[in-house]
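In our numbering, the protein residues as written are 26 to 281. Glycine included, every Cβ here is placed at the ideal spot set by N, Cα and C. What follows is one structure encoded as structure tokens, with my remarks underneath.
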């Protein structure tokens, strides 16, 4: 446990973590700049969910969301392995404990970036959006199977909360993908580029599929059967990537 807490503390000390949060907030809010501090959203009767949809649809953030998850901490094992820091860390603990510490802290880095950033921009959207009962809401929040239960009862806060959970899990998935790739190839550049390439490839190949990573991030597609589907798929991906990373790191550390 001490090793895990140390890794988490080091993760929170990474300047890249806060830079990525700030960049994400800036990019998403930039897409609705005309509504900030103007009261225009109330005048045109746009709800918070309308603004949130605009953020992800027009900001240009979605194609590069994986990069935000990768940059803060995903290549830490590769960096420590090459600098021999891994050897000294393992001398104070064990290979298994060291691997678990890296997996937990890397996964958490992606979760924190996406959770904090989306929570901030969603809070802004609710602060400036129209609260009128007939405020404009995208159709899929009423008709899509995963949102119908909440949309028809106008439970906008519940929808926003689930979308934050989706983003958090997305961050964990792709941060671990970076850890796995960088551990396999022992190359920081590969650990950043390969997951991004996989993300872009899956986006194109699974265009109409509910397994499309972009759809799992946003959770708005009508092909998605339920909220549980999104959380389940991404949780399973985290588990599988975590196991694979553990095996690779544990094997690598036999030779440090």
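Below 8 angstroms, how does it come out for the stretch 160-171 and the stretch 219-230: are there three or more Cβ pairs, yes or no?
Output reads no: the stretch 219-230 does not touch the stretch 160-171.
Give me the Cα-Cα distance between residue 204 and residue 223, rounded to the nearest whole angstrom.
When the Cα atoms are used, residue 204 and residue 223 turn out to be separated by approximately 14 angstroms.
Local conformation of residue 86 per DSSP, three classes:
Residue state, collapsed to three classes: coil.
Between residue 223 and chain B, is there a C-beta pair that is closer than 8 angstroms?
No chain B is part of this structure, which consists of one protein chain only.
Could you name the residues that DSSP lists as bridge partners for residue 151?
None, per the DSSP bridge assignment.
To the nearest angstrom, report how far apart residue 144 and residue 280 are at their CA atoms.
Going from the Cα of residue 144 to the Cα of residue 280 covers about 42 angstroms.
On the three-state DSSP scale, how would you describe residue 161?
Correct three-state label for residue 161: strand.
Pick from 89, 206, 109 and 128: whose alpha carbon is nearest that of residue 139?
Out of 89, 206, 109 and 128, 89 has the C-alpha closest to the C-alpha of residue 139.
Taking the alpha carbon of residue 173 as the point to measure from, which residue in 270, 64, 80 and 246 has its own alpha carbon closest?
Answer by Cα proximity: 246.
Chain-order list of residues whose beta-carbon lies under 8 angstroms from that of residue 191 (same chain, five-residue window excluded):
So the qualifying residues of the chain are 241, 242, 243, 244, 255, 256 and 259.
Pull up the distance between the alpha-carbon of residue 63 and that of residue 81, whole angstroms please.
Their backbone Cα atoms lie some 21 angstroms apart in a straight line.
Can you tell me whether DSSP reads residue 102 as helix, strand or coil?
Helix, per DSSP.
Helix, strand or coil at residue 71 according to DSSP, with G and I counted as helix:
Of the three classes helix, strand and coil, the one that applies to residue 71 here is strand, per DSSP.
Over what stretch of residues does the alpha helix (DSSP H) that includes residue 171 continue unbroken?
Unbroken run through residue 171: none, as it is neither H nor E.
For the stretch 67-83 against the stretch 154-161, are there 3 or more C-beta pairs whose distance is under 8 angstroms?
Remark: three or more beta-carbon pairs, one from each stretch, lie closer than 8 angstroms, so the stretch 67-83 and the stretch 154-161 are flagged as touching.
Label residue 35 either buried or exposed according to how many other C-beta atoms from any shown protein chain fall within 10 Å of its C-beta, with 16 as the threshold for buried.
Under this definition residue 35 is an exposed residue.
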